[in-house]
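The block underneath contains the structure these notes are about, expressed in structure tokens.
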Amino acid sequence: MSISDDEYNAFSINLARRFAERAQGSDQTASRLVGQFPRDTVLCGFLTPASRMANQPEPSPKSSILGPISAGNDLDSLAEDLPQDSAYEQSSLGLQWKMPHEACEMAGAMVIDFSASIYVRRLPTLEEQSGLGAWRREYSSSKSVDESVGSNDTGIKTSEIVPVWTREDVTGLIAPEINIRDLCQRKKITMDLSQSFRRYLDSISPRDLYPGVTQFQVSQENVKSNEKYRSWLSSLGMASLRNFWSPVLDVRIVPIPTEPECVRVVLRVINRTEVPGRGEGDFLDPNLYRVRLSVVLPASAHRFSVFRELPKSFRYDRRMAGIGINCHVRHDAQNGNVILSTDATPIEYVYRLEPREIPDGAPTFDSMRSDPIHTLQSILTAMKSYDRIEWRDTLSGLMGKELTDASEARKRFRDEIQRFSRGIKLLADDSFDHVLRAFVLMNEAMEAAADGRYDRWRLFQIVFIVSQIPGLASREYEEIREEHDDDVDILWFAAGGGKTEAFLGLLIWQAFFDRLRGKRIGVTAFVRFPLRLLTFQQLQRLGSALGSAELIRHRERLGGARFSMGYFVGSGTTPNRIDDDAHRRFVTNGPDDKLRRVFACPFCGCDTVLSYDASNRIVEHRCTSDSCPGGQNRLPIYVVDQDVYRFVPTVIVSTVDKLAQFGQNQRFAELFGRFDLVCPTHGTSFLDSNRICSAAVAYAAGETPESCGTATNRIHYGPFKDPAPSLLIQDEMHLLSEELGTFDSHYETAVMNLAYTLGSRPWKIVAATATIERYKTHAWHLYLRQSRQFPGPGPSAYESFYYAQNRAKLGRVFVGVLGVGRKHTPAVTRTLSLLYEELQLARHLADTDTAAMADRYGLGDLSKDDYKLLVFYYELVLSYVLTRKGSDQVAEAIESRVKRELQRLAPEHGDLLVTTFNGGISESEMSRIVHAIRTADPLGDPAKRTRGIVTTNVIGHGVDVDRFNIIVFAGFPRLVAEYIQASARVGRTVPGISLFVATPQSERDRSVFDRFCKFHEYLDRLVDPSAIIRWPEPALRRTSAGILAGYLMAIAPRHIRRRIVSVADVQDLQGSENAEALEVSEIIAWMNSAYGTDLAPSRRYREQLEVVVQNHYSSIVNQERVHGRRSVNLNSHLSSMRSLRDSDDPGFIIIWDSADKKLIQRLSRGQ
């Protein structure tokens, strides 16, 4: 199967256009509606009568960026927002633009063109009545069927007349010219178009018009033949069109207080049609459909508005020709005139960003292994050339602030050149040969992990990796360290652009470098995600890369522990430990399959299964292949917290929440190198913290056994080479905001202080994000470090040295929808129905009429299977809902409405399988569904495939499926970043279609819709700044307990050489020999360093911390002991945060009875 980019472009464009036609009732199927009513069928772009809105005024453009509307200007229909639970009635549509005051003194006129459609009810044909009539037997002694309505005493079957409506198009209604000078003087001009409308409608054929406004019934006898049916119709009498529609044009001038040199011109068409009387609504439709308004005016009477949400920059075109009122505004220029027109279903096309190609500098994995320096030098030469030519040309046309900003941007690019050059020099320096060898091995591992899907790095990826290497290598070679090596490096790139591969390459390089420099045990990198689903998804990708690296490590005999990974998420997903109940259950039944975190073997890709090593209490992943190159041992994957602590995996994949374990678990410090020995069977131990290991217990008692269990199981004692992690990769950094960001910031600097106190250099921080604003402030509050963004922006909005827009390849097609005459959820479900109807038509044409398929969607001559594949790629629709409750409502509406409509209008569609992704679904279940979607047969039965997913923001990050290519937004998310991330789920490999169904009651939704195209043209540049401040005192009081507990469990024991877990441990050790670490002054000094109070905005913050810490510590020291009762653990006594998402003070239930405690534990596990 071979489908070109042009075909994918054409299909996505025309699929979106066909949907827009259906939504507005412009398609052929809407020209005659049988068994349907127009108001239920047409979704948007129509006007309901203004009189219907007496109690439901439509939203006002008062917040328009053109400036506030002045009070007292009689804007009668531009009022406040609707009640949230109302159906949206829309009586006007129009546009507004700025006009300079001097235009009022010039001779000139504006010409307005208006078109619309109305629906009239007609009598059905014989086939329509016979096919859709609802026949029932009735008994009546009143009039006979032939006379009028009802049924006679004989019980003849009758049916109501099937409703049939035809669309009548009223086009070319050109209003008289409006003299601009006259308009400025009068301020307001209103034109009643009713007469013009009626003259046009007089030409409508009266044939088959429905007579009257009452319901008729027809007997089954009268539809047995065409002759009988026509005779019966004739008996109803002739009908005439009731021409009652009343459109009104309203043009007015409104002052702009913030711009006194301009006025605003507001042009609207308003539906002043009277609402039909009671009982007449099924026979008369007062709505105006397919409304379109355009105006031609002299260019001198028009000024562009400014899209102020977009930052002022030499890169951006912030001009807007006008603002829509319940629509978007299109703009054209011709013969010295400006043409503005309305668009009720706006579509914006965004092209794909693609990496640049460098002649003689293609960064293929093969070239990076065989001759990396030559290729890297070619890239460096190209960077210098880009600076010399592209940036020079950009600066030459600028002046003032724009020149200053561009010069600063060019300087950032030159800094990137310098850092990249430094990395190349280090790779080429034989004095540091481990650096180059690790680089070559990393490229081999990444090529193996790619498995033929791609064979090279993107430019930004390889430049980023090489630029990072010197700072990471300086951990071993102090002489090459430079001032900014510890800055936070923020990898910023559009969603789907390849950030994950960039940081995977970096951590694989670090893993090889660690083994080459003699680090045999210990964590190399933490990879942290704010969301558990992200963690789960990325674990699969990391597993493949790390598995390939491990095979190479073994082949190269680099020594040390196997490259391994840990899944460090917590009890909500995987257990913190294997307690006695779980142990007995696993021994009897095997481990729970929900603990299977990696489904494909990292070494060979075959399925994995779980087993349980009862003697070591470890849940094992094993490969099902007998010929796996990784061998038949357990796979190096750890999913239980206690196993992560004792086996200190090479890479730990974690959620941000788990940083709270610093204040919860004494063994957390072992991840940062606080361990005395390593047992090949049982793992690491600090003193006897790992009591399952007999050697550890003996060591704590003063012995140094050589082995554990058997003579070959030799114990390794410290000191160990740099056992702390070298690298922290924080993905989706923008999600660390608000309370979560503040709490996390305290723990971030605390664990960095932990590493420093344990004798290690704190980790290098690399953050990845596609959506962040004010990154320097964000990174400073999180880490108290300076930061750099890579890559810096280029000379234009979507072009830099690293990438450029490919105008031959669409990235995404954005479509705006404002549903009319219904509430928001029905508008969303109607959108889904129209999408599925169009997709079913495409599927039908692919099966039966490929020529018609090609014609409808602008395609070339493809095979039938290729046509089917196109539909397959677009048949699965994501419905993005803002809340979990909303997702349940939409899912229910799909069951009750969408499926029913499809069954009636597209019966060939078959069963619609829809699933829900929200916080209520387990990761394993989600993974199963995603796997089924990925492996579905494109030529199989569509009814057996998942073709719909209702989801919340759980899908917004890290869920990458090639078949996700249509998404429907049920309203605008809380943050622009969420919208960007969610819309990036579609169009990963082929053009995606993103439909935004605006919530009419939301001022923000309306603002996006009315400026739809400009908003989406610069979508990636409109990110809301993340709200994060590390200094609120209430947050300090919330986090200080856990960080103090962390100090007492992690730092103090290292100095005292005694484990500290409980209140009694502190009381017993305080004041003893070598217990200086438990003195108040030492504790306060460490806590001040952990919080960075020297950098706080006021002295008060430091004072508050010291008071809080002293109070916490006093409560420990002065805690009364109860004879015979076990001492409370420090984390429980201090109420340490169990998760960084704990925004409220916790409550604890203390259960003393051991039997009750076990019962509660079993219940919490759902047993």
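No gaps in the numbering here: position 547 of the sequence shown is 547 in the UniProt record's numbering, and each next residue is one more. Even glycine gets a Cβ: it sits at the ideal position worked out from N, Cα and C. Because the structure is a prediction, the values reported are computed rather than measured.
Can we say the segment 633-641 touches the segment 613-625, given the rule of at least three CB pairs closer than 8 Å? yes
Rounded to whole angstroms, what is the Cα-Cα separation between Glu160 and Ala134? For this step, residue 160 is matched to residue 160 along the sequence shown. For this step, residue 134 is matched to residue 134 along the sequence shown. Cα-Cα distance, rounded: 7 Å.
Endpoints, the alpha helix (DSSP H) within which Lys188 is located: What you label residue 188 is simply residue 188 of the sequence shown in a count that begins at 1. No alpha helix (DSSP H) holds Lys188; the beta strand (DSSP E) holding it covers Lys188 to Asp192.
Using a 10 Å radius around the Cβ and a threshold of 16 neighbouring Cβ atoms, would you call Ala1045 buried or exposed? Residue 1045 sits at position 1045 when you count from the first residue of the sequence shown. The residue in question, Ala1045, is buried, as its Cβ has 16 or more Cβ neighbours within 10 Å.
Could you tell me the distance, in whole angstroms, from the CA atom of Asp676 to the CA atom of Arg646? In the sequence shown, residue 676 corresponds to position 676, counting from 1. In the sequence shown, residue 646 corresponds to position 646, counting from 1. Cα to Cα, Asp676 sits roughly 12 Å from Arg646.
Does the beta-carbon distance from Pro795 to Thr394 come in below 9 Å? Along the sequence shown, one-based indexing puts residue 795 at 795. Along the sequence shown, one-based indexing puts residue 394 at 394. Closer than 9 Å, so yes.
For Ala561, collect the residues of the same chain with a Cβ closer than 6 Å to its Cβ; drop the 5 residues on either side in sequence, then sort them by chain order. One-based indexing of the sequence shown puts residue 561 at position 561. Correct list, in chain order: Ile521.
For Met1087, which of helix, strand or coil comes out of DSSP? Numbered from its first residue, the sequence shown carries residue 1087 at position 1087. Three-state DSSP puts Met1087 in a helix.
Residues bridged to Ile270 [DSSP beta-bridge criterion]: Counting from 1 along the sequence shown, the entry for residue 270 is found at position 270. Answer is Ser92 and Val248.
According to DSSP, is Tyr200 part of a helix, a strand, or is it coil? Indexing the sequence shown from 1 puts residue 200 at position 200. The answer is helix: DSSP assigns Tyr200 an H, G or I state.
Take Ala428 and list the residues in its own chain whose beta-carbon comes closer than 7 Å to its own, dropping the five residues that flank it on each side. Taking the first residue of the sequence shown as 1, we reach residue 428 at position 428. Closer than 7 Å at the Cβ level, and outside the excluded window around Ala428, lie Ile373.
Distance check for Ala438 and Lys519, CA to CA, integer angstroms please. Along the sequence shown, read from residue 1 onward, the residue named residue 519 stands at position 519. Along the sequence shown, read from residue 1 onward, the residue named residue 438 stands at position 438. Answer to the nearest angstrom: the Cα atoms are 13 Å apart.
Measuring CB atoms only, is the segment 270-277 touching the segment 245-252, in the sense that at least three cross pairs come out at less than 8 Å? yes
Helix or strand or just coil, what does DSSP make of Gln730? As a position in the sequence shown, residue 730 is number 730, starting the count at 1. In the structure shown, Gln730 sits in a strand (DSSP, three-state: E or B).
On a Cα-Cα basis, can you pick out the residue from Ala511, Lys594, His1016 and Asp485 that is closest to Ile921? Counted from its first residue, the sequence shown places residue 921 at position 921. When each option's Cα is compared against that of Ile921, the closest is Lys594.
Can you tell me where the alpha helix (DSSP H) with Leu677 in it begins and where it stops? By 1-based counting over the sequence shown, the position of residue 677 is 677. No alpha helix (DSSP H) contains Leu677, which is instead part of the beta strand (DSSP E) from Leu677 to Cys679.
Should the segment 1105-1117 be called in touch with the segment 1050-1057, which here means at least 3 C-beta pairs below 8 Å? no
What does the alpha-carbon distance come out to for the pair Met1137 and Ala660? Here residue 1137 refers to the residue found at position 1137 when the sequence shown is read from its first residue. Here residue 660 refers to the residue found at position 660 when the sequence shown is read from its first residue. Each residue's Cα considered, the two are about 6 Å apart.
I'd like the list of long-range same chain contacts for Lys188, defined as Cβ closer than 6 Å, with 5 residues on each side in sequence excluded. As a first step, residue 188 must be located in the sequence shown, where it is residue number 188. Excluding residues within five positions, the ones whose Cβ falls inside 6 Å are Arg252.
Do you know how far the Cα of Val42 is from the Cα of Thr48? Translated into positions along the sequence shown, residue 48 becomes position 48. Translated into positions along the sequence shown, residue 42 becomes position 42. Roughly 12 Å separates the two Cα atoms.
Kindly identify the DSSP beta-bridge partner or partners of Ser117. By one-based count along the sequence shown, residue 117 stands at place 117. According to DSSP, Ser117 bridges with Asp169 and Tyr289.
Checking 9 Å against the spacing of the C-beta atoms, do Val968 and Leu882 come in under that value? To locate residue 968, count along the sequence shown from 1; it is residue 968. To locate residue 882, count along the sequence shown from 1; it is residue 882. Not closer than 9 Å, so no.
The segment 837-847 contacting the segment 93-112, beta-carbon criterion three pairs below 8 Å: no
Within 9 Å, strictly: CB atoms of Phe801 and Ala382: In the sequence shown, the residue the question calls residue 801 occupies position 801. In the sequence shown, the residue the question calls residue 382 occupies position 382. Going by C-beta atoms, Phe801 is nearer than 9 Å to Ala382.
Take residue 1168 and list the residues in its own chain whose beta-carbon comes closer than 6 Å to its own, dropping the five residues that flank it on each side. In the structure displayed, the chain extends from 1 to 1167; residue 1168 sits before or after that span and is not available.
If you draw a straight line from the C-alpha of Gln1070 to the C-alpha of Gly759, how long is it? Start at 1 with the first residue of the sequence shown, and residue 1070 comes out as number 1070. Start at 1 with the first residue of the sequence shown, and residue 759 comes out as number 759. Computed Cα separation, rounded: 24 Å.
In angstroms with no decimal places, state the Cα-to-Cα distance between residue 1169 and Tyr567. What is shown of the chain runs 1 to 1167, which leaves residue 1169 out entirely.
Mind checking Ser627: buried by the 16 CB within 10 Å criterion, or exposed? As a first step, residue 627 must be located in the sequence shown, where it is residue number 627. Exposed.
Would His746 pass as a contact of Tyr1091 if the rule is Cβ separation under 9 Å? Here the question's residue 746 lines up with position 746 in the sequence shown. Here the question's residue 1091 lines up with position 1091 in the sequence shown. Closer than 9 Å, so yes.
Cβ-Cβ separation, Gly858 to Ala10 (assumed contact under 8 Å), whole Å: Reading the sequence shown from its first residue, position 10 is the one you call residue 10. Reading the sequence shown from its first residue, position 858 is the one you call residue 858. Confirmed, Cβ separation roughly 4 Å.
Rounded to whole angstroms, what's the CA-CA distance from Ser1098 to Asp485? Just pull it up for me. If you number the sequence shown from 1, residue 1098 lands on position 1098. If you number the sequence shown from 1, residue 485 lands on position 485. Taking the straight line from one Cα to the other gives about 29 Å.
Quick check for students: name the residue ranges of the alpha helix (DSSP H) that lie wholly in the segment 761-824, counting only runs of 4 or more. 775-783
With 16 as the cutoff for other CB atoms within 10 Å, does Asp192 come out buried or exposed? For the purposes of this step, residue 192 is identified with residue 192 of the sequence shown, where counting begins at 1. Exposed: under 16 other Cβ atoms inside 10 Å.
Are three or more beta carbon pairs between the segment 496-508 and the segment 540-548 nearer than 8 Å? yes
Determine the burial state of Ser1081: buried for a count of at least 16 other Cβ atoms within 10 Å of its Cβ, exposed for fewer. Taking the first residue of the sequence shown as 1, we reach residue 1081 at position 1081. The residue is exposed, with fewer than 16 neighbouring Cβ atoms inside 10 Å.
Looking at C-alpha atoms only, which residue of Asp941, Asp962 and Val990 is the closest neighbour of His931? Locating residue 931 in the sequence shown gives position 931, counting from the first residue. Selected option, being the one with the closest Cα: Asp962.
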